[in-house]
């Protein structure tokens, strides 16, 4: 998960160093912190800036040529390119409309958020300028840490209060900086749970979860945040605080505008408060780890699980043998749950319900059917929490194992379930011995995590993967980003999953809400800053 | 439920009859049917039209004065007023920007949709010009009945094809004119069911359900259409067909624009195709009819039901004694399910699950607890389908009974559960013997249907009810329209539930998507056509 707002730029590392760093980015958003002209372009007033602007522009084009590796979906002279977890990569030109940070800005910020909340300590800035994967590096010279919505918004870590919880309706209202796991612990004390769960729960913030429309492990059961978020407070780029922080399950008074900010990746407004519906925490949880001989059987088992487990099914994850081997080979303390024979596919199935006996009985009936029909050839049901955790650790550890194995090219795709694994097989045939292709993910949601592991990053290999992977996904009516968002890496790929009319409408929304492009620039939409 | 697009105007019945009727309304939407000028205002070219426009305007102001009954939220010189199911009421001035229907338009329409699809038969027009409650009457002189998205959209009844269904994922794709009940029947054959159900299922269309964000009886279990709709095809007012008809459960490529059209009441675009996630049809259904002595007990039972029934709880409805009496007194074949003693409150609780024994056992444990704690004082569990239906008929029949009883003032409110019934009691104290105040609704969703029954419509009575009911709801952070939408009757009340900043943003959306105001005019937003 990305936090709600993360500044990721590296443009300055090429070209002559500007004498003044123009900075009017997410930091410049919020009440009382408008650009001094209502149009950000009005800030480009000195010959100095214009000259610098031109220089950077020219230079950046050259840089771009150097790293241009061809992509059929490219729609502008600029391109961002990233190679899995490598630090090698891309540059991007700073948006010409942005202002330059001056001493008087610092004083102004101090007046608004207080001296201690204006941070220019080198180490703290260094940390804040790099995203959590270490892929991108920004150049911000100041970090603001507001304590209230009325202040400016960048790092919301200090906005971490739970505002209310209603035990009758299950409605939780909290500030955007609350850590997901903390919320879940708070709810557990009241017999409730968060409708979403993900590996990063110990550090990710609910505001970021909402802004990125996080999916995760409970999606199959509780559905999308578009259904579970009841209200939001959002700060628009012009500083308007839009209070849509309703706590009602039903409210049909006008357009449901909050939806635009769910998955908006912080490009339309900054989410500052969240109201959401939380389900009751159920006491009985069972986990089974099963093996199938082929992908068709995996699908049959999914259909069977929906029928036989019905209302208690809470997760249906799958991994192929290469994924399992990846985890077993590269992580410590891993054990094959089904060591007697290697199979091609594995399923991790979880049930969550209110009555242990009922759930176990349902699981037994389901497993009996699955084995009798031959769709499941081997399997084990966790006998205690420690076994459940061990099964989950395999599934959740694959990403970490891939990072340890070497270079990795990662794709998060939605594909109709019936076609989903075909892409893995075609990719494997295409790449031969040059890389290890693995497929795993949330099968119940049609969400494939396709990963290609190689000894080192290699442009030739990348050219074999892209744009093929996007074209294939597009041809099969899939999505090139299921749950991770487009962010900085994939705006150029939006056309593979969205029609030109739809993208055009998104651009109109962006221009309507953020005409100066100051919110989380260079993200989601292609070419908007050109 | 309102159909997706319904033309409701009566302006022409006052003032001098215009020589030419300007008509450029929902009918004028769609590919190839743009106004001849890109701005509808460009159509006002002759002195004739301008003169007429002024005349109408003046006259309408006078009419308005006659019926002005005072409302604190009024923001313009115009007002719509409606009295329950009475036909007495309001007028509205025709939007000056709209064009006048001419012979050449008819010919053009015939060319686009074919002669048989251009209807000007008087009886058919009469039927199409009146809404289903008979509250409003329009003045359209022509009805178009398109057969494809590329044609213009008004009555989508002929667009009723199921386009695809995937038995693995449960994803259904269909045209907007499909009748809800037909879809449910189709799905039942495949072991699935629609995630929504409502009394009007035999006649309402899925496009209208989506456009009004219909709630209904399965909301508690399957949640809102914002979570269940996976994709839409929408025709914008400028004729652009926006294909957002994805079939994926997860797709984070850009803003989730389809959400704007869910509950947009046809004012931003016309929904022509729908893709939605359908749950497996579960075999076991139980219905219990319980009595409580006070409202606090009802709340306690709701909390208990969430804990003990957990994943099988599928409906939690409530009605007060006056509601039950209303149904018993005015509908034929009704019987009090708990005749031994009259209680103040009744609950209808339904479970739906995959295993009959499990569900019955859960229900037994729940009921035992509810009775032991004294929260439930009487109750009966339906022994067969016919008893279940009888219980449901009471709950669903209240609206019909109210209509038979006389004049009725209807309010569909979302209010935090703990405060919900207080409004009914305050209203009762306020009105005394002048009217019967009843409260019922979807308690599990915090949705109160407040109804005030009187021998006849009376402005004095109305002034006692409004704006009190809206102010009270607003003070308790409720919504003045939970599931019915704002439509034609309540745009003036939007401010009770939405902040000025939010309404302003809605107006911006409307202006962005429908700058000429040709889509479903006079609905949702206040004053937009002034």
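Chains as they are written, first to last, in full-length UniProt numbering: chain W, 1 to 530; chain P, 1 to 530.
C-beta atoms are modelled at their ideal positions from N, C-alpha and C, and glycine is treated no differently.
Check	Outcome
Runs of alpha helix (DSSP H) wholly within the region 430-481 of chain P (minimum 4 residues, chain order)	459-465, 468-475
Cβ shell of residue 294 of chain P (< 8 Å), same chain only, five flanking positions each side left out	344, 345
Span of the beta strand (DSSP E), counted from its first residue to its last, around residue 244 of chain P	241-244
Coarse secondary structure for residue 336 of chain P, derived from DSSP in three states	coil
Rounded Cβ spacing between residue 472 of chain W and residue 425 of chain W (contact assumed at less than 8 Å)	Their Cβ separation, rounded to whole angstroms, is 11 Å, which puts residue 472 of chain W and residue 425 of chain W out of contact at 8 Å.
Residue from P/270, P/318, P/275, P/305 whose Cα sits closest to the Cα of residue 291 of chain P	P/318
beta-carbon residue 324 of chain P near the ligand GDP non-hydrogen atom, thresh 7 Å	As for the ligand GDP, it is missing from this structure, which has no ligand bound.
Neighbourhood of residue 328 of chain P by C-beta distance below 7 Å, restricted to the same chain and skipping five residues each side	334, 336
Where residue 536 of chain W meets chain P, residues with beta-carbon distance less than 7 Å	Here chain W covers residues 1 to 530 and nothing more, so residue 536 of chain W does not appear.
Near-chain P residues of the region 272-298 of chain W (beta-carbon distance less than 7 Å), N- to C-terminal order	280, 282
Of the residues W/225, W/141, W/247, W/216, the one placed nearest residue 164 of chain W, counting alpha carbons only	W/247
Interface flag, residue 503 of chain W vs chain P, CB-CB below 8 Å	yes
Reduced DSSP secondary structure (H/G/I, E/B, other) of residue 502 of chain P	helix
Cα-Cα separation, residue 433 of chain W to residue 451 of chain W	15 Å
Inter-residue Cα distance where the pair is residue 202 of chain P and residue 190 of chain W	42 Å
Nearest to residue 437 of chain P (by Cα), restricted to the options P/306, P/494, P/322	P/322
Beta carbon of residue 168 of chain P nearer than 8 Å to that of residue 245 of chain P	no
Coarse secondary structure for residue 204 of chain P, derived from DSSP in three states	coil
Whole-number beta carbon distance between residue 483 of chain P and residue 570 of chain W, since they are thought to touch under 8 Å	Outside the modelled stretch of chain W, which goes from 1 to 530, sits residue 570 of chain W, for which no answer is possible.
Touching by the beta-carbon criterion (3+ pairs, under 8 Å), the region 350-363 of chain P and the region 278-288 of chain P	yes
Candidates W/279, W/393, W/331: closest to residue 403 of chain W by CA position	W/331
Identified DSSP bridge partners for residue 352 of chain P	P/285
Selection of the region 441-452 of chain W by Cβ proximity to chain P, strictly under 9 Å	442, 444, 445, 446, 447
The beta strand (DSSP E) enclosing residue 227 of chain P, as first and last residue numbers	That residue, residue 227 of chain P, is in no beta strand (DSSP E); its alpha helix (DSSP H) goes 225-228.
Alpha carbon of residue 212 of chain P to alpha carbon of residue 409 of chain W, nearest angstrom	43 Å
Proximal residues, the region 306-322 of chain W versus chain P, C-beta separation under 8 Å	306, 307, 308, 309, 310, 311, 312
CA-to-CA distance, residue 397 of chain P to residue 391 of chain P, given in whole angstroms	10 Å
Pair within 8 Å by beta-carbon distance, residue 366 of chain P and residue 306 of chain P	no
Cβ of residue 355 of chain W within 8 Å of any chain P Cβ	yes
Other residues of its chain near residue 415 of chain P: CB distance less than 7 Å, five sequence neighbours each side excluded	423, 446, 448, 473, 476, 478
Residues in the region 162-179 of chain W having any Cβ partner in chain P nearer than 9 Å	166, 167, 168, 169, 170, 171
Cβ neighbour criterion (16 or more within 10 Å) applied to residue 490 of chain W	buried
Below-8 Å beta-carbon distance, residue 33 of chain W vs any chain P residue	Its pLDDT being 30, under 50, residue 33 of chain W is placed unreliably by the model, and the measurement read from it follows with that caveat. So no, residue 33 of chain W is outside the interface.
C-alpha gap between residue 57 of chain W and residue 158 of chain W, whole angstroms	No answer about residue 57 of chain W holds up, because its pLDDT of 25 lies below 50 and its placement is not dependable.
Rounded distance between the beta-carbons of residue 520 of chain P and residue 267 of chain P, thought under 8 Å	5 Å
Chain-order list of residues whose beta-carbon lies under 8 Å from that of residue 262 of chain P (same chain, five-residue window excluded)	210, 211, 213, 225, 226, 229, 232
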